[in-house]
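Worksheet for the structure shown next.
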Amino acid sequence: MLPGFAGVLVFYLLPFLEVVRRSFLKSGNNAFVGVSNYQTVFTNNAFLLAVRNTAFYMALGVPILMGISLILALLLRNLVLRRKFVSVMLLPMAVPAAVMVLVLRILIDRQGLINGIVTGVSEKIAVLPIFEGIDYLNSGWALVIVLCSFLWKNTGYMVILWLAGLSALPKEVEEAAKVDGANRWQNWHYIIRPGLSGTTFTIGMLSVLQIFKSYREVWMVAGSYPQENIYFLQHLLQNWYLKLEFDRMAALTVLLSLVLLVVCLCLQKRLEQNIR
Amino acid sequence: MGITQIISGKLKKRKKKNSWLATVICFLMAFIICLPLLMIPGGAFADSSEIRQMLSPVLGEAKGYVDWHIIPFYPTLEHFYRLLVASPAFYKLFWNTVGMTAAILVGQLLVGLPSAWAFAAFQFRGRDFLFGLYVILMLLPFQVMLLPQYIVLQKFELYGNPAAVILPAVFSTFPVFIMYRGFTQIDSEILEAARLDGAGEMQIFLRIGLPLGQMGIRAAMVLSFLEYWNLVEQPMAFLEEQKDWPLSLYLPQLDIAQAGFAFAVSVVVLIPALFVFALGQDALEEGITYIGMKE
Chain A
342 MLPGFAGVLV
352 FYLLPFLEVV
362 RRSFLKSGNN
372 AFVGVSNYQT
382 VFTNNAFLLA
392 VRNTAFYMAL
402 GVPILMGISL
412 ILALLLRNLV
422 LRRKFVSVML
432 LPMAVPAAVM
442 VLVLRILIDR
452 QGLINGIVTG
462 VSEKIAVLPI
472 FEGIDYLNSG
482 WALVIVLCSF
492 LWKNTGYMVI
502 LWLAGLSALP
512 KEVEEAAKVD
522 GANRWQNWHY
532 IIRPGLSGTT
542 FTIGMLSVLQ
552 IFKSYREVWM
562 VAGSYPQENI
572 YFLQHLLQNW
582 YLKLEFDRMA
592 ALTVLLSLVL
602 LVVCLCLQKR
612 LEQNIR
Chain B
-6 MGITQIISGK
4 LKKRKKKNSW
14 LATVICFLMA
24 FIICLPLLMI
34 PGGAFADSSE
44 IRQMLSPVLG
54 EAKGYVDWHI
64 IPFYPTLEHF
74 YRLLVASPAF
84 YKLFWNTVGM
94 TAAILVGQLL
104 VGLPSAWAFA
114 AFQFRGRDFL
124 FGLYVILMLL
134 PFQVMLLPQY
144 IVLQKFELYG
154 NPAAVILPAV
164 FSTFPVFIMY
174 RGFTQIDSEI
184 LEAARLDGAG
194 EMQIFLRIGL
204 PLGQMGIRAA
214 MVLSFLEYWN
224 LVEQPMAFLE
234 EQKDWPLSLY
244 LPQLDIAQAG
254 FAFAVSVVVL
264 IPALFVFALG
274 QDALEEGITY
284 IGMKE
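Top to bottom, those sequences are chains A and B.
Under the numbering used here, residues 342 to 617 are what the first sequence spells out, in order.
Under the numbering used here, residues -6 to 288 are what the second sequence spells out, in order.
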């Protein structure tokens, strides 16, 4: 136990505290500058853009991911082939990001496969207007691509969490309701939905954290300076790191971890409430 | 109750129905998910000129759109030959990946197992606070830890050394959490009975903890393997020279003009991951439920 904790201390806790300290210092001469690093961050245009984008991405990605995976879990839970489907849906977890990105580059290029297929279809159906290929990564579509890859990667993970939540519901209630003539909608609305509220919260918080972890794919597809809709806080941190702007990076690190800390604490509180 | 049983519905007798609509929807979903993967063999086994011709629009050499053959017209092992025989750099990077992943997994076992067991089997002062801290640390994304870890690595003069990637990962709290959850699945009465019968703490850990908690251990190893086999941000931030990189960072740097070679590298990267996935799938599913599980 002790060596493990010592390592956590040295590689995680102490350096983090050091960063908190440095966020109040000027990098280089280490003079105390109070909150001026934080002011620099808040007035930085790239920061404001990144916050907006990250929030928007989250506001879209979290509900869509939760919705799709819940629907799939509800469809799956009584199926004979459930185990097979779950395996396939988990498969993206095993696919290294680099492999996925290679395929993606061929799919979404301006003259790529997706545009090719859409053009082929729209040429066959004369009513549709002529389709001009979309440059996905350099237009507003970039966010859609990011969302799709996020969903592709995380749906299976969330389906499993929903299935576990569903299986914890007492079966008898549903059966009793069925005997009393409850239809599917009533079954969902009065029995399953309220019973899942704890699970919903947990999955919501985990989805928020997964949004932050999906940066790897975004960076690999679009690089350090992507289309402005998908310029996220992680890009900002990474770019400040490369430019050695450590003072404002420290301030941003502290700010971001405060936000994530709130998410984590809510999650923890919820997990503890569930014990009682 | 394990997720394996939940999913296969062994514990709770559940009436299984063959709902056609649901099956069709799920089948469609599964198909969409697999679709991008189906493109990989087409790239890895097609010969260079075929790939060049398929991709010529992307390469800016032709009008029109990419035309992808799922099964290549002229299948060849040329890219694998080039990979295995004519690219010494590939071997170096491949073994970097293997070495890094192996070192991290072994380290996590050595460091994490005692910690996880301590959290599961003993009550000590500050345990709950400490555990809360571990959970928060495991949930933070890497970018938040980027600057803190850089500072430490600079201090120890590890920057640019493979240890810069390995050491922080070894002390990651995530495997501790998963193994802990595995240990808490053990009935506490068994532990008490063993103590009453005079078993030493070491004996309890070796004879009861390890065998009964092995699902958690396997889950932690599978999740870690999939994570570290796929490492990108850490080596990018902390390793300067390309000769120290893992394949997962090298692959995206390959030019699209070398697509055949890149796809062959993909296959090599993908196979071990799929192998671990297939072997450890029950553990993987179990591990995921641990993350969202009530205490």
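C-beta: ideal position from N, C-alpha, C; glycine also.
Chain B within 8 Å of residue i, Cβ atoms only
i, result
"V444/A", "yes"
"A387/A", "no"
"T460/A", "yes"
"T543/A", "yes"
"Y556/A", "yes"
"E359/A", "yes"
From the options, residue whose alpha carbon lies closest to that of residue i
i, options, result
"Q101/B", "F73/B, P155/B, P168/B and Y84/B", "P168/B"
"R174/B", "G206/B, M195/B and F149/B", "G206/B"
"W493/A", "Y283/B, L28/B and L267/B", "L28/B"
"E234/B", "Y152/B, Y283/B, F66/B and L31/B", "Y152/B"
"G375/A", "S598/A, F542/A and A591/A", "A591/A"
"I144/B", "G345/A, L343/A and L355/A", "L355/A"
"M546/A", "M407/A, I412/A and Y353/A", "M407/A"
"S80/B", "I281/B, Y283/B, N154/B and F254/B", "F254/B"
"V559/A", "K425/A, V429/A, A414/A and V442/A", "V442/A"
"V429/A", "L413/A, N419/A and A438/A", "L413/A"
"L112/B", "I171/B, F38/B and A192/B", "The question names Leu, but residue 112/B in the sequence shown is Phe. Per the Cα distances, I171/B."
Chain A within 8 Å of residue i, Cβ atoms only
i, result
"T166/B", "yes"
"Q136/B", "yes"
"P29/B", "yes"
"K5/B", "Because K5/B carries a pLDDT of 45, less than 50, the predicted location of this residue cannot be relied on, and the following value inherits that uncertainty. Output row for K5/B: interface = yes."
"Y221/B", "no"
"A23/B", "yes"
"Y58/B", "yes"
"M32/B", "yes"
"T282/B", "yes"
"R178/B", "Per the sequence shown, the amino acid found at residue 178/B is Gln instead of Arg. Not one chain A Cβ lies under 8 Å of Q178/B."
"S217/B", "no"
Same chain only: Cβ atoms within 6 Å of residue i, ignoring 5 sequence neighbours per side
i, result
"P50/B", "G57, Y58 and V59"
"Q575/A", "Y556"
"A96/B", "I159"
"Y270/B", "At residue 270/B the sequence reads Phe, which differs from the Tyr that was named. Contacts found: none."
"T69/B", "D40"
Residue range of the alpha helix (DSSP H) that includes residue i
i, result
"G457/A", "L454 to K465"
"R418/A", "Unbroken run through R418/A: none, as it is neither H nor E."
"V549/A", "S538 to K554"
"H72/B", "E71 to V78"
"T16/B", "W13 to F38"
"P155/B", "That residue, P155/B, is in no alpha helix (DSSP H); it is neither H nor E in DSSP."
"P141/B", "F135 to K148"
"I179/B", "That residue, I179/B, is in no alpha helix (DSSP H); it is neither H nor E in DSSP."
"G119/B", "Note, G119/B: premise wrong, no alpha helix (DSSP H); not H, not E."
"H576/A", "L574 to L583"
"T496/A", "W482 to S508"
"L632/A", "This structure cannot settle anything about residue 632/A, because the visible part of chain A is limited to 342 through 617."
Cβ neighbours of residue i in the same chain (closer than 7 Å, five flanking residues each side left out)
i, result
"L240/B", "L86, F87, T90, V258 and V262"
"L401/A", "L488"
"L608/A", "T543 and M546"
"T94/B", "F218, Y221 and W222"
"Q452/A", "G474"
Own chain partners of residue i with C-beta closer than 8 Å, once the 5 adjacent residues on each side are dropped
i, result
"L454/A", "I447 and L448"
"V427/A", "L417, G497, V500, I501 and L504"
"M399/A", "V549 and I552"
Residue i beta carbon near the ligand ZN (any heavy atom closer than 7 Å)
i, result
"L389/A", "Judged by which ligands are present, the structure shown has none, so any question about the ligand ZN falls away."
CB contact below 8 Å: residue i versus chain D
i, result
"L140/B", "This model lacks chain D altogether, as its protein chains are A and B."
Handout entry: Stretch pair the region 344 to 358 of chain A + the region 104 to 111 of chain B: three plus CB contacts closer than 8 Å
Key = With a cut-off of 8 Å, the region 104 to 111 of chain B and the region 344 to 358 of chain A count as touching, because enough Cβ pairs lie within range.
Handout entry: Three or more C-beta pairs below 8 Å linking the region 132 to 142 of chain B and the region 193 to 212 of chain B
Key = In short, these stretches do not touch, since the Cβ pair count stays below three.
Exercise for the section: Assess, as a yes-or-no matter, whether the region 565 to 581 of chain A is touched by the region 518 to 525 of chain A under the definition of 3 or more beta carbon pairs within less than 8 Å. Expected result: No, they do not touch.
Problem - Cβ contact (3+ pairs, closer than 8 Å) linking the region 368 to 384 of chain A and the region 579 to 595 of chain A - result: Yes: the two stretches touch, three or more of their Cβ pairs being nearer than 8 Å.
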